[in-house]
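Student:
2 protein chains.
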Amino acid sequence: MIVIAERINATRKSIAKALKDRDEDFISGETKQQTEAGADFIDVNAGSNPSEEIENLRWAVQVVQQNTDLPLCLDCASPEGFETALKLVENDTVMLNSVNGEEERLQAIMPIAAESKSELVGLLMDDDGLPQSVDDRLNIAEKIIERADKEGIAVEKLYLDPCIQPLSTTPQDVGNVIEAVKKITASFPNVHMTCGLSNIGFGLPYRSILNRIFLAFLIHAGMDSAILDPTEPDMMATVFAAEALAGKDDFCMNYIQADRQGLLKPE
Amino acid sequence: MIVIAERINATRKSIAKALKDRDEDFISGETKQQTEAGADFIDVNAGSNPSEEIENLRWAVQVVQQNTDLPLCLDCASPEGFETALKLVENDTVMLNSVNGEEERLQAIMPIAAESKSELVGLLMDDDGLPQSVDDRLNIAEKIIERADKEGIAVEKLYLDPCIQPLSTTPQDVGNVIEAVKKITASFPNVHMTCGLSNIGFGLPYRSILNRIFLAFLIHAGMDSAILDPTEPDMMATVFAAEALAGKDDFCMNYIQADRQGLLKPE
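From first to last, the protein sequence lines are chains E and U. Following this note's numbering from start to finish, the first sequence increments by one per residue and tops out at 271. Following this note's numbering from start to finish, the second sequence increments by one per residue and tops out at 271.
1. Answer yes or no: do G85/U and I46/U have a C-beta to C-beta separation smaller than 8 Å?
2. Can at least three beta-carbon pairs, one atom from the region 80-96 of chain U and one from the region 107-121 of chain U, be found at a separation below 8 Å?
3. Which one or two residues does DSSP pair with M99/E in a beta bridge?
4. Beta-carbon of C256/E versus every beta-carbon of chain U: anything under 8 Å?
5. In its own chain, which residues sit with a C-beta less than 7 Å from the C-beta of E106/U, not counting the 5 before and 5 after it?
6. Does the beta-carbon distance from F213/U to D238/E come in below 8 Å?
7. Taking 7 Å as the cut-off, does the CB of R62/E come closer than this to any heavy atom belonging to the ligand GDP?
8. How should R141/U be labelled, buried or exposed, when 16 other C-beta atoms within 10 angstroms of its C-beta is the threshold for buried?
9. What does L214/E reach in chain U if we use C-beta pairs closer than 8 Å?
10. What do you reckon, are the CB atoms on I204/E and I8/E nearer than 8 Å?
11. Identify every residue that forms a DSSP beta bridge with G200/U.
12. To the nearest angstrom, how far is it from the Cα of L268/E to the Cα of S202/E?
13. Out of E40/E, A41/E, G42/E, L100/E, which has the shortest C-alpha to C-alpha gap to V65/E?
14. If you follow the beta strand (DSSP E) that L90/E is in, where does it begin and where does it stop?
15. How would you label N104/E, buried or exposed, when you count the other beta carbons within 10 angstroms and need 16 or more for buried?
16. Counting only Cβ pairs nearer than 7 Å, list the residues of chain E close to F45/U.
17. Could you tell me which chain U residues have their CB closer than 7 Å to the CB of I235/E, listed as they occur along the chain?
18. Reducing DSSP to helix, strand and coil, say where F45/E ends up.
19. Return the Cβ separation of F206/U and I182/U in integer angstroms, given the expectation that the two are a contact with Cβ distance under 8 Å.
20. Of all the CB atoms in chain U, is at least one closer than 8 Å to the CB of L232/E?
21. Does the beta-carbon of E10/E have 16 or more other beta-carbons within 10 angstroms, so that it is buried, or is it exposed?
22. From A145/U, D96/U, N60/U, pick the residue whose C-alpha is nearest to that of P75/U; which is it?
23. Take E247/E as the anchor and find which of E236/E, R264/E, I217/E, P270/E has the nearest alpha-carbon.
24. So, is the C-beta of F30/E closer than 8 Å to a C-beta in chain U?
25. Against D238/U, what residues of chain E qualify as contacts under a CB-to-CB distance less than 8 Å, listed in chain order?
26. Note down, in chain order, all residues in the region 176-192 of chain U with a beta-carbon under 9 Å from any beta-carbon belonging to chain E.
27. Within the 8 Å Cβ cut-off, does D263/U reach chain E?
28. Closer than 7 Å by beta-carbon distance: list the chain E residues that pair up with F218/U, in chain order.
29. Kindly indicate if chain U contains any beta-carbon less than 8 Å away from that of A41/E.
30. Show which residues of chain E have a CB atom less than 7 Å away from the CB atom of Y210/U.
31. At a CB-CB cut-off below 8 Å, which residues of chain E make contact with L171/U?
32. Going along chain E, which residues have a C-beta under 8 Å from H224/U?
33. With 16 as the cutoff for other CB atoms within 10 Å, does L162/U come out buried or exposed?
34. For the region 135-168 of chain U, list every residue whose C-beta sits within 9 Å of some C-beta in chain E, in sequence order.
35. Could you tell me whether the Cβ atoms of K186/U and A225/U are closer together than 8 Å?
36. Under 8 Å between beta-carbons, which chain E residues line up against I260/U? List them in chain order, please.
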């Protein structure tokens, strides 16, 4: 499981404030906590204020990579933001978050990902908006994979995100997401699948249990990455337990090793 | 989801001691806690010492039903135990735990279940021992359902248990259990499926996360009951979240109601 740690995101008030105040201690604390919790990438989103996004991203990238050896996932709206941040990245591995099936976005972001040899998140939405069905997702997945291939981006670099919508508003779509993950991983066994998890419980009580149980269902369906908060209680334990129970962890080696490393954190 | 609360079981040291000491306070405490946590049946197992099982069961049944309005699940090795306990049961509903596919057991228990109009747990094992495959489980399910039918026990009274074996010792069987639940519920839409959950994590650290994630997988596969500890942190939240995410809770009504009743208990 490739865990993209989501906490450093300017849509969170505490992060927006830390960016504004240039609060290095806060950002370095968030970086270290997520690293220790078992993240594989640290997402960096500085997009609270469009006019300051690039300057804020530049600052945040430097602070984050001073405090972790993990690669970054640059989470940005503008091509200029990616280009600016990529110049600062020291790790050989980096992820861009994100492209989608919209023509303008494909044209702007694909060449940057190709040239920088980045991993690339691809949201399964396009010029028609959010996907409504399994087939919508399959079609956009094919389109992104084909365009990536033309640009010289290998399918192994792509992390497709089926765009989870809230259970409370679109309950019929939850099953579509699970089915889409099964079908896309069956059709393209080398593509990664990821998702921004925290949308699922919007408007419902005890959202974190919905995050975790839905993550378990997605892992069982074939998802091999997620954008999540690894410091949330039982989140990483859920990742390792779901992989072991879904037959993706021979002899429970990863589960047992995670326990030894203190990543399961049972109460 | 039909929750059979498992804590009053003489294989637990504290329960064996309470039975021996005739500790009413302890048994009534366990009964009330499980009732408040959201159980549908209270399992009563007094089988720590075969020579005293029937006397202990008689005492425990009386104490438990003085402390709950829930029906009991009588969990007993001997036909005599069931007959003795059934005479004491006050609730119109009662469950017997269990019959299995062994010829001797079928002959001994089926008539008791039929005459008392009890719900009946049926373990999917037989004279050849524990099931090894999906087909083993399907065959034993058919056998138990047929025999029940001949005895006048409706399929709706049966709770088939696929016999979960530990992930650590028989990892290949975990997928078989999930597949068996799907196939049996597809073939017999009116039968209930339940399981003793706590075997799954035998020999592994942090067993309770394995219990919960496997329960979520089983609910997604079609299981509608489980024998579990409803007081375990996040256990009932997992039940309600898994049902909502698996499309078994229209408009999340049960999930929201469980929250209002305090059953989700978020940290």
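Built from N, CA and C at the ideal position, the CB exists for glycine as well.
Tutor: Result, derived from the coordinates:
1. no
2. yes
3. C77/E, E123/E
4. yes
5. D130, D131
6. It is Ile, not Phe, that sits at residue 213/U in the sequence shown. Contact flag set, yes.
7. Only the bare structure without any ligand can be found here, which leaves the ligand GDP out of the picture.
8. buried
9. A245, A248, L249
10. no
11. I231/U
12. 20 Å
13. L100/E
14. L90/E -> not in any beta strand (DSSP E); alpha helix (DSSP H) instead, spanning 83-92.
15. buried
16. By Cβ distance, chain E contributes nothing, its closest Cβ being about 24 Å from F45/U, past 7 Å.
17. Correcting the residue identity first, residue 235/E is Thr in this sequence and not Ile. Ordered by position in chain U, no residue passes the 7 Å Cβ test against T235/E, which lies about 13 Å from the chain.
18. strand
19. The Cβ separation is near 18 Å, so there is no contact.
20. no
21. buried
22. D96/U
23. I217/E
24. no
25. I213, D238
26. Q176, V178, G179, I182
27. yes
28. L249
29. no
30. A241, D263, L268, P270
31. A248, L249, C256
32. F221, H224
33. buried
34. none
35. yes
36. L208, P209
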